[in-house]
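Before any comments, here is the structure.
In our numbering, the protein residues as written are 21 to 401.
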């Protein structure tokens, strides 16, 4: 999840112009909308108040299953894009940390100003240390993974095709297929909420890019497979509830479930295969794509998560199934757009404060010291 500068140009731009794949950026945007949808359904209290076995229950869970691959897609994109990059630019992770810290401070100030929580110095320190306290699990996992990506890239670039297929296969078998079938998290992936899972997805995304799999597939077929694979999890859950199958709850509806992982790869392939040629959608994608990480941080910040979103949409359960679908999608879009606006204001402020040039300067100074004192100008990092 990286933040990049927004540049709008008044000319036609194709999918791969200047090495930029705008369909991948579009997939990143759609993934974040799906992540917000998951949070509307779960943290918003919709899933927990619906009566089991009703049409509305299965409708809400269908939305859940269709959105579950969103986080996987985000990490797959990191590998798909990152594997072809040069040396790691550590100023980017520093900029992201400053961005997260900025929103942590705002959330903390709101909590104390609204008297939602009483002041406690130890808790204040925890709130201002998001990585150490794992307040944002994805950022914590990504933060750790970022420092391994130069090694991951070197590994992927050194493998020949057969070795890369082998790597893809063993990751799929031991991290996804085996745990799903035996209902045992043998790799201790914490149900997909971990640095290890994100790292494996990064490697898979890199394999997809290096093997050129997206060049060999049919985009429409990949989209169809995405629906089949995700909805199969929903069908399995319905069958388990109807006939009391001895399986773990939502066995095919988790991040590492093999059908969800394959569905994530299918959407990545479909996105990479798609060509966007018209100027208008490219401009919209350019404007929205750099804001996506901010959307995640804002709507999962402590104040919003615990005191605004929590249980806020339980009343949707009184709606009919079709209206429920529209209400959930509209709510997710509204949250996404509102957070995007806030993030745009934050980016404008940071641009005025020259935060990114400052972090680049820090990185360069640090590299100079490391090159002179430790690495002796060895390349690769």
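Cβ atoms here follow ideal geometry from the backbone N, Cα and C, with glycine treated the same way.
Nothing here was measured: the structure is a model prediction, and the numbers come from that model.
Taking C-alpha atoms, which residue in 86, 154, 170 lies nearest to residue 105? Translated into positions along the chain shown, residue 105 becomes position 85. Closest by alpha carbon: 170.
Please work out which residues of its chain come closer than 7 Å, Cβ to Cβ, to residue 311, disregarding the five sequence neighbours upstream and downstream, and give them in chain order. Sequence index remark: in the chain shown, residue 311 carries index 291 (1-based). Correct list, in chain order: 360, 363, 364.
Please work out which residues of its chain come closer than 8 Å, Cβ to Cβ, to residue 108, disregarding the five sequence neighbours upstream and downstream, and give them in chain order. The count along the chain shown starts at 1 and reaches residue 108 at position 88. 166, 167, 169, 170, 401.
Based on Cα-Cα distance, which residue from 189, 220, 181 lies nearest to residue 162? Position 142 of the chain shown, counted from the first residue, corresponds to residue 162. Among 189, 220, 181, the Cα nearest to that of residue 162 belongs to 220.
Consult DSSP for residue 326 and reduce its assignment to one of helix, strand or coil. By one-based count along the chain shown, residue 326 stands at place 306. In this structure, residue 326 counts as helix in the three-state DSSP scheme.
In terms of alpha-carbon separation, which member of 284, 88, 309, 263 lies closest to residue 48? Here residue 48 is taken as the residue at index 28 of the chain shown, counted from 1. Among 284, 88, 309, 263, the Cα nearest to that of residue 48 belongs to 309.
Since residue 337 contacts residue 70 with CB under 8 Å, what's their CB separation in whole angstroms? What you label residue 337 is simply residue 317 of the chain shown in a count that begins at 1. What you label residue 70 is simply residue 50 of the chain shown in a count that begins at 1. Contact flag correct, Cβ pair sits at about 5 Å.
Nearest-angstrom Cα separation, counted from residue 349 out to residue 254: To locate residue 254, count along the chain shown from 1; it is residue 234. To locate residue 349, count along the chain shown from 1; it is residue 329. Straight-line measurement puts the Cα of residue 349 at about 19 Å from the Cα of residue 254.
Distance, residue 128 Cα to residue 177 Cα: What you label residue 177 is simply residue 157 of the chain shown in a count that begins at 1. What you label residue 128 is simply residue 108 of the chain shown in a count that begins at 1. It is roughly 43 Å from the alpha-carbon of residue 177 to the alpha-carbon of residue 128.
Residue 85 versus residue 277 - alpha carbon distance: One-based indexing of the chain shown puts residue 85 at position 65. One-based indexing of the chain shown puts residue 277 at position 257. If you take the alpha carbons of residue 85 and residue 277, they lie about 11 Å apart.
Quick check for students: name the residue ranges of the alpha helix (DSSP H) that lie wholly in the stretch 162–227, counting only runs of 4 or more. Secondary structure in the stretch 162–227: the alpha helix (DSSP H) runs of 4 residues or longer, each lying completely within the stretch, are 169–178, 181–192, 198–202 in chain order.
Nearest residue (CA-CA) to residue 327, options 132, 73, 88, 235: For the purposes of this step, residue 327 is taken as residue 307 along the chain shown, with counting starting at 1. Nearest of 132, 73, 88, 235 to residue 327, Cα basis: 132.
For residue 280, count the other beta carbons within 10 Å of its own beta carbon; 16 or more makes it buried, fewer makes it exposed. Which is it? To locate residue 280, count along the chain shown from 1; it is residue 260. Within a 10 Å sphere around the beta-carbon of residue 280 sit 16 or more other beta-carbons, which makes this residue buried.
Residues in its own chain within less than 7 Å of residue 40 by CB, not counting five upstream and five downstream? By one-based count along the chain shown, residue 40 stands at place 20. Listed in chain order, the non-local C-beta contacts of residue 40 below 7 Å within the same chain number zero, local neighbours out to five positions each way being set aside.
Restricting to runs no shorter than 3 residues, where is the beta strand (DSSP E) found entirely within the stretch 239–310? Every candidate beta strand (DSSP E) stretch fails here, since none sits fully inside the stretch 239–310 while reaching 3 residues.
Alpha carbon to alpha carbon, how far is residue 43 from residue 298? Here residue 43 corresponds to residue number 23 of the chain shown, with the count starting at 1. Here residue 298 corresponds to residue number 278 of the chain shown, with the count starting at 1. Their backbone Cα atoms lie some 12 Å apart in a straight line.
Buried or exposed by the 16-neighbour rule on C-beta atoms within 10 Å, applied to residue 247: For the purposes of this step, residue 247 is taken as residue 227 along the chain shown, with counting starting at 1. Exposed is the call here.
Hey, residue 92 and residue 275 are a contact pair by Cβ (cut 8 Å); roughly how many whole angstroms apart? By one-based count along the chain shown, residue 92 stands at place 72. By one-based count along the chain shown, residue 275 stands at place 255. A Cβ-Cβ distance of about 6 Å is found for the pair residue 92 and residue 275, placing them in contact under the 8 Å criterion.
How many whole angstroms separate the CB atoms of residue 52 and residue 356, which I take to be in contact at a CB cut-off of 8 Å? Position 32 of the chain shown holds residue 52. Position 336 of the chain shown holds residue 356. The pair is a contact, with the Cβ atoms about 7 Å apart (cut-off 8 Å).
Which ranges does the alpha helix (DSSP H) cover as unbroken runs of at least 4 residues, wholly within the stretch 311–366, from first to last along the chain? Taking only runs of at least 4 residues, the alpha helix (DSSP H) segments lying wholly in the stretch 311–366 are 312–319.
Sufficient close CB pairs (3 or more, under 8 Å) joining the stretch 284–295 to the stretch 217–231: Judged by Cβ distances under 8 Å, the stretch 284–295 makes contact with the stretch 217–231, as three or more pairs qualify.
Can you find the residues in the same chain that come closer than 6 Å, C-beta to C-beta, to residue 321, ignoring five residues on each side of it along the sequence? For this step, residue 321 is matched to residue 301 along the chain shown. Exclusion of the five residues before and after residue 321 leaves 123, 127 as the residues of its chain whose Cβ lies within less than 6 Å of its Cβ.
Is DSSP giving residue 387 helix, strand or coil here? On the chain shown, position 367 is the one that residue 387 refers to. In the structure shown, residue 387 sits in a helix (DSSP, three-state: H, G or I).
Could you check whether residue 242 and residue 438 sit closer than 7 Å to each other, using their CB atoms as the reference points? Residue 438 lies beyond the stretch modelled for the chain, which goes from 21 to 401, so this question has no answer here.
Within this structure, are the beta carbons of residue 272 and residue 76 separated by less than 7 Å? In the chain shown, the residue the question calls residue 272 occupies position 252. In the chain shown, the residue the question calls residue 76 occupies position 56. Contact: no.
Suppose you measure from the CA of residue 296 to the CA of residue 98; what does that come to, to the nearest Å? If you number the chain shown from 1, residue 296 lands on position 276. If you number the chain shown from 1, residue 98 lands on position 78. The alpha-carbon separation between residue 296 and residue 98 amounts to approximately 20 Å.
Look at the alpha carbon of residue 26 and the alpha carbon of residue 306, and state the distance between them as a whole number of angstroms. The residue labelled residue 26 in the question sits at position 6 within the chain shown. The residue labelled residue 306 in the question sits at position 286 within the chain shown. Any reading at residue 26 needs caution, since the residue's pLDDT is 31, under 50, leaving its predicted position unreliable; the model's value is listed next. Here the alpha carbon of residue 26 sits roughly 6 Å from the alpha carbon of residue 306.
Does the beta-carbon of residue 217 have 16 or more other beta-carbons within 10 angstroms, so that it is buried, or is it exposed? Position 197 of the chain shown, counting from 1, holds the residue named residue 217. Answer is buried; the Cβ neighbour count reaches 16.
7 Å Cβ cutoff met for residue 227 and residue 188: Sequence index remark: in the chain shown, residue 227 carries index 207 (1-based). Sequence index remark: in the chain shown, residue 188 carries index 168 (1-based). Closer than 7 Å, so yes.
What is the DSSP secondary structure of residue 133, reduced to helix, strand or coil? Reading the chain shown from its first residue, position 113 is the one you call residue 133. DSSP, reduced to helix, strand and coil, places residue 133 within a helical segment of the structure shown.
Excluding sequence positions up to five away, which residues of its chain have a Cβ less than 7 Å from the Cβ of residue 24? For the purposes of this step, residue 24 is identified with residue 4 of the chain shown, where counting begins at 1. In this prediction, residue 24 has a pLDDT of 35, which is less than 50 and means its spatial position is unreliable; what the coordinates show is noted afterwards. Non-local C-beta neighbours of residue 24 in its own chain, meaning closer than 7 Å and more than five positions away in sequence, comprise 310, ordered along the chain.
Could you give the residue range of the alpha helix (DSSP H) that holds residue 144? Counting from 1 along the chain shown, the entry for residue 144 is found at position 124. Its alpha helix (DSSP H) spans residues 141–147.
Check each candidate in 57, 65, 45, 56 and name the one with the smallest Cα separation from residue 335. Here residue 335 corresponds to residue number 315 of the chain shown, with the count starting at 1. That would be 65, whose Cα lies nearest to the Cα of residue 335.
Minimum C-alpha distance to residue 185 - residue among 61, 304, 231, 89: Start at 1 with the first residue of the chain shown, and residue 185 comes out as number 165. Taking the Cα of residue 185 as reference, the smallest distance to any Cα among 61, 304, 231, 89 is reached at 231.
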